[in-house]
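Peer 1: Let me begin by handing over the structure; questions about it come next.
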Amino acid sequence: MDYQPLLDDTRNYGIVNAGYAPAATGAPAMMAPPAVEPYGPSAPPASMFDNMPGYEGTMAGGGGFLPPPMPAFPAPQPMPGPEQPHWNIPSISEDTAREAFVLYASSKCCYSPAPAKDCVITGMEAFNTYRYTLETFTESRSTEWSHEPYNGQPVDAFTQPPPGAWDIPSKTPTFFAEGKQQIKVPYTSSVKACHNCLGTGHKPCKDCTGAGNKVCWVCNGCGYRHGNEQCHHCSGRGRENCSHCQGRGLKSCDVCHGKQQLLVFIKLTVKWTNNTDAHVVEQSSGLHVDNFSEVSGKMLFRDSQFMVCPVLGFPDSAIMQASQRLVSEHQGKYSQTSRILQQRQTIELIPVTKVTYLWKEQTHIYFVYGNEFKVHTDDYPATCCCSVM
Ligand SMILES: [Zn+2]
Ligand SMILES: [Zn+2]
Ligand SMILES: [Zn+2]
Numbered sequence: 001m002d003y004q005p006l007l008d009d010t011r012n013y014g015i016v017n018a019g020y021a022p023a024a025t026g027a028p029a030m031m032a033p034p035a036v037e038p039y040g041p042s043a044p045p046a047s048m049f050d051n052m053p054g055y056e057g058t059m060a061g062g063g064g065f066l067p068p069p070m071p072a073f074p075a076p077q078p079m080p081g082p083e084q085p086h087w088n089i090p091s092i093s094e095d096t097a098r099e100a101f102v103l104y105a106s107s108k109c110c111y112s113p114a115p116a117k118d119c120v121i122t123g124m125e126a127f128n129t130y131r132y133t134l135e136t137f138t139e140s141r142s143t144e145w146s147h148e149p150y151n152g153q154p155v156d157a158f159t160q161p162p163p164g165a166w167d168i169p170s171k172t173p174t175f176f177a178e179g180k181q182q183i184k185v186p187y188t189s190s191v192k193a194c195h196n197c198l199g200t201g202h203k204p205c206k207d208c209t210g211a212g213n214k215v216c217w218v219c220n221g222c223g224y225r226h227g228n229e230q231c232h233h234c235s236g237r238g239r240e241n242c243s244h245c246q247g248r249g250l251k252s253c254d255v256c257h258g259k260q261q262l263l264v265f266i267k268l269t270v271k272w273t274n275n276t277d278a279h280v281v282e283q284s285s286g287l288h289v290d291n292f293s294e295v296s297g298k299m300l301f302r303d304s305q306f307m308v309c310p311v312l313g314f315p316d317s318a319i320m321q322a323s324q325r326l327v328s329e330h331q332g333k334y335s336q337t338s339r340i341l342q343q344r345q346t347i348e349l350i351p352v353t354k355v356t357y358l359w360k361e362q363t364h365i366y367f368v369y370g371n372e373f374k375v376h377t378d379d380y381p382a383t384c385c386c387s388v389m
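If you read the sequence shown in this note's numbering, its first letter stands for residue 1, the second for the next number, and so on.
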């Protein structure tokens with residue numbers, strides 16, 4: 001065999017496709033690739049989908065959200081929540097404030113613990129605040145055309161009109177726990193030839209472009225090594241069987257898994273979502289409300305029903321306004337595209353203590369807040385161990 005210049009893989013594949021026929025080397029003959037675009041997108045054509053009464057606009061690929069029908073039963077009337085209990089505004093002790101501060105300083109790898117341990121606390125002021133939280137637990141439904149390899153599943157298209165998407169029973173969700181369920185819409189399943197392999201069950205192998213063999217990687221196709229020595233790997237053939245397809249040149253179709261046929265059906269996706277919004281009443285301590293998302297407070301009020309009423313009679317009017325606004329926003333927004341299954345509103349009292357302390361004759365402040373005694377400070381006096389203290 002003449003020495004051939006080294007070609008890159010792509011160009012070799014080109015030569016293979018142009019009609020490389022293995023000589024008398026025992027390699028399998030090249031199979032003609034099926035007349036399909038071999039590696040193109042495997043999106044099914046629209047002609048594969050039947051017209052299903054009630055599901056005319058259904059697309060492949062998802063996103064078809066269906067607004068819920070008007071409920072047939074009268075919506076339960078929201079009831080005012082339970083009476084407001086009395087509560088004591090919790091205040092933390094100096095020991096708790098210091099412990100929290102020491103813990104905070106030790107959690108920062110570069111902070112010296114000395115100021116937290118040894119500072120002189122000169123003032124503690126409470127700025128307790130309220131957080132109103134509204135959760136709206138919804139169910140949404142969407143449909144899309146889908147398919148799976150046909151293994152003898154029941155075929156029921158056109159035996160009856162399919163039920164409406166909101167009439168199909170789903171599992172009973174746990175309130176406020178998010179989840180998802182996928183269901184085949186009854187009476188929409190039919191069997192179609194696989195669009196990806198045109199019903200042959202296989203596709204040309206990508207690694208050898210359907211030839212079943214490729215250029216020997218040891219001798220790069222020349223058949224020789226070290227001058228005249230025959231290549232042991234390919235016995236001088238210059239080519240080796242493709243290991244990805246065992247020399248067949250074909251691989252099983254990954255859409256129908258070689259079954260040649262697909263079960264085509266409308267897939268219903270039922271999704272349960274907990275939509276949560278909170279409002280924290282501004283306080284004048286200087287601690288930003290964004291900090292509160294990480295902490296919990298003392299639960300003062302909890303009300304859970306199908307649809308809640310805005311909170312009335314609470315001592316802080318900002319909480320009542322937030323409740324009014326969020327209840328109306330949620331009930332308007334979420335009943336458009338989904339079905340509200342349950343709402344829950346809570347009011348927490350979040351303790352906030354502003355601590356003033358002296359360290360090296362300078363006054364600093366930090367905040368202790370939440371049930372977790374979380375600490376926030378902007379001016380810790382020794383934020384780097386390397387700094388001179
Ligand atoms: Zn070789
Ligand atoms: Zn192959
Ligand atoms: Zn296929």
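Backbone N, C-alpha and C fix where the C-beta goes; we use that ideal spot for every residue, glycine too.
1) In chain order, what residues of the same chain lie with their CB nearer than 7 Å to the CB of Pro22, ignoring the 5 residues before and after it?
2) Kindly indicate which three-state DSSP category Glu372 falls into: helix, strand or coil?
3) Three or more C-beta pairs closer than 8 Å, one from the region 213 to 226 and one from the region 198 to 205: is that the case here?
4) Quick one: any contact between the region 241 to 260 and the region 152 to 171, if contact means 3 or more CB pairs under 8 Å?
5) Who are Gly57's beta bridge partners in DSSP?
6) Under 8 Å, do Val352 and Phe65 count as touching if we go by C-beta distance?
7) Determine the direct distance from the alpha carbon of Pro44 to that of Gly201, and round the result to whole angstroms.
8) Looking only at its own chain, which residues have a Cβ that is under 6 Å from the Cβ of Leu262, when we skip the five neighbours before and after it?
9) List in chain order the residues whose CB is within less than 5 Å of at least one heavy atom of ligand 2.
10) For Ser106, report the span of its alpha helix (DSSP H) as first-last.
11) Assuming Thr138 and Arg302 are in contact, meaning their beta carbons sit under 8 Å apart, how far apart are those beta carbons, in whole angstroms?
12) Rounded to a whole number of angstroms, what is the C-alpha to C-alpha distance between Ala27 and Gly236?
13) What I want to know is whether the C-beta of Gln201 ends up closer than 7 Å to one or more non-hydrogen atoms of ligand 3.
14) For the alpha helix (DSSP H) containing Thr337, name the first residue and the last one.
15) Should Asn196 be listed as close to ligand 3, given that the test is whether its C-beta is under 7 Å from any heavy atom?
16) Going along the chain, which residues of its own chain have a beta-carbon closer than 7 Å to the beta-carbon of Thr96, five neighbours each way excluded?
17) Quick test of your reading: Gly297 and Leu349, contact by CB under 8 Å. State the CB separation rounded to the nearest angstrom.
18) Over what stretch of residues does the alpha helix (DSSP H) that includes Ala126 continue unbroken?
19) Can you find the residues in the same chain that come closer than 8 Å, C-beta to C-beta, to Ser328, ignoring five residues on each side of it along the sequence?
20) Can you give me the Cβ contacts of Ala24 inside the same chain, cut-off strictly under 8 Å, excluding the 5 residues immediately before and after it?
21) Taking a contact to mean a Cβ-Cβ separation below 8 Å, would you say Trp272 touches Cys119 in this structure?
22) Since Phe101 and Val375 are thought to touch, with beta carbons under 8 Å apart, how far apart are those beta carbons, to the nearest angstrom?
23) Report buried or exposed for Asn51, applying the criterion of at least 16 other Cβ atoms within 10 angstroms of its Cβ.
24) Alpha carbon to alpha carbon, how far is Tyr334 from Asn275? Give it in angstroms, no decimals.
25) Alpha carbon to alpha carbon, how far is Lys108 from Thr337? Give it in angstroms, no decimals.
26) Can you tell me whether His233 sits near ligand 1, meaning its C-beta is under 7 Å from at least one heavy atom of the ligand?
27) Measure from the alpha carbon of Arg344 to the alpha carbon of each residue in Leu326, Gly332 and Tyr357, then state which is nearest.
Peer 2: Reading off the structure:
1) If you number the sequence shown from 1, residue 22 lands on position 22. Confidence at Pro22 is low in this model, with a pLDDT of 39, below 50, so the placement of that residue is unreliable and no value is reported for it.
2) To locate residue 372, count along the sequence shown from 1; it is residue 372. Glu372 carries a coil assignment under DSSP once its states are collapsed to helix, strand and coil.
3) Cβ pair count under 8 Å is below three, so no.
4) With a cut-off of 8 Å, the region 152 to 171 and the region 241 to 260 do not count as touching, because too few Cβ pairs lie within range.
5) The count along the sequence shown starts at 1 and reaches residue 57 at position 57. According to DSSP, which records beta bridges pairwise, Gly57 is partnered with nothing at all.
6) As a first step, residue 352 is located in the sequence shown; it is residue number 352 there, counting from the start. As a first step, residue 65 is located in the sequence shown; it is residue number 65 there, counting from the start. Phe65 sits away from Val352, with the two beta carbons spaced by 8 Å or more.
7) The residue labelled residue 201 in the question sits at position 201 within the sequence shown. The residue labelled residue 44 in the question sits at position 44 within the sequence shown. One alpha carbon belongs to Gly201, the other to Pro44, and they sit about 15 Å apart.
8) As a working mapping, residue 262 is identified with position 262 in the sequence shown. Only His147, Tyr150, Lys192, Cys194 and Cys256 meet the Cβ criterion.
9) Taking each Cβ in turn, the ones that pass are Cys205, Asp207, Cys208, Cys242, His244 and Cys245.
10) Looking up residue 106 in the sequence shown gives position 106. Its alpha helix (DSSP H) spans residues Glu94 to Ser107.
11) Start at 1 with the first residue of the sequence shown, and residue 138 comes out as number 138. Start at 1 with the first residue of the sequence shown, and residue 302 comes out as number 302. That belief does not hold up - the Cβ atoms of Thr138 and Arg302 are roughly 20 Å apart, past 8 Å.
12) Residue mapping note: residue 27 aligns to position 27 of the sequence shown, counting from 1. Residue mapping note: residue 236 aligns to position 236 of the sequence shown, counting from 1. At Ala27 the pLDDT is 40, less than 50, meaning the model places this residue with poor confidence and gives no usable figure here.
13) The residue you call residue 201 lines up with position 201 of the sequence shown. What sits at residue 201 in the sequence shown is Gly, not Gln. Set against 7 Å, the gap from the CB of Gly201 to the closest heavy atom of ligand 3 is smaller.
14) The residue given as residue 337 occupies position 337 in the sequence shown. Start and end: Ser317 to Thr337.
15) Along the sequence shown, read from residue 1 onward, the residue named residue 196 stands at position 196. With a cut-off of 7 Å, the C-beta of Asn196 is classified as near ligand 3, since at least one heavy atom of the ligand falls inside that distance.
16) Taking the first residue of the sequence shown as position 1, residue 96 is located at position 96. Cβ within range, chain order: Phe373.
17) Translated into positions along the sequence shown, residue 297 becomes position 297. Translated into positions along the sequence shown, residue 349 becomes position 349. Yes, they are in contact, since the Cβ atoms of Gly297 and Leu349 sit about 5 Å apart, within 8 Å.
18) Within the sequence shown, numbered from 1, the residue matching residue 126 stands at position 126. That residue, Ala126, is in no alpha helix (DSSP H); its beta strand (DSSP E) goes Val120 to Ala126.
19) Walking along the sequence shown from the start, residue 328 turns up at place 328. Non-local beta-carbon contacts of Ser328 in its own chain, meaning distances under 8 Å to residues more than five positions away in sequence, involve Pro310 in chain order.
20) Here residue 24 is taken as the residue at index 24 of the sequence shown, counted from 1. Confidence is the limiting factor: at Ala24 the pLDDT is only 40, short of 50, which leaves the residue's position unreliable, though a coordinate-based value still follows. Sequence-distant partners of Ala24 (beyond 5 residues in either direction) whose C-beta falls short of 8 Å from its own C-beta are missing from its chain.
21) The sequence position of residue 272 within the sequence shown is 272, counting from 1. The sequence position of residue 119 within the sequence shown is 119, counting from 1. 8 Å or more divides the Cβ of Trp272 from the Cβ of Cys119.
22) For this step, residue 101 is matched to residue 101 along the sequence shown. For this step, residue 375 is matched to residue 375 along the sequence shown. Between Val375 and Phe101 the Cβ distance is about 6 Å, and since that is below 8 Å, they are a contact.
23) The sequence position of residue 51 within the sequence shown is 51, counting from 1. Flag for Asn51 reads exposed.
24) Position 275 of the sequence shown holds residue 275. Position 334 of the sequence shown holds residue 334. Taking the straight line from one Cα to the other gives about 9 Å.
25) Along the sequence shown, one-based indexing puts residue 337 at 337. Along the sequence shown, one-based indexing puts residue 108 at 108. Roughly 46 Å between the two C-alpha positions.
26) Locating residue 233 in the sequence shown gives position 233, where the first residue counts as 1. At least one heavy atom of ligand 1 is nearer than 7 Å to the Cβ of His233, so yes.
27) Working through the sequence shown from its first residue, we reach residue 344 at position 344. Of Leu326, Gly332 and Tyr357, the residue nearest in Cα terms is Leu326.
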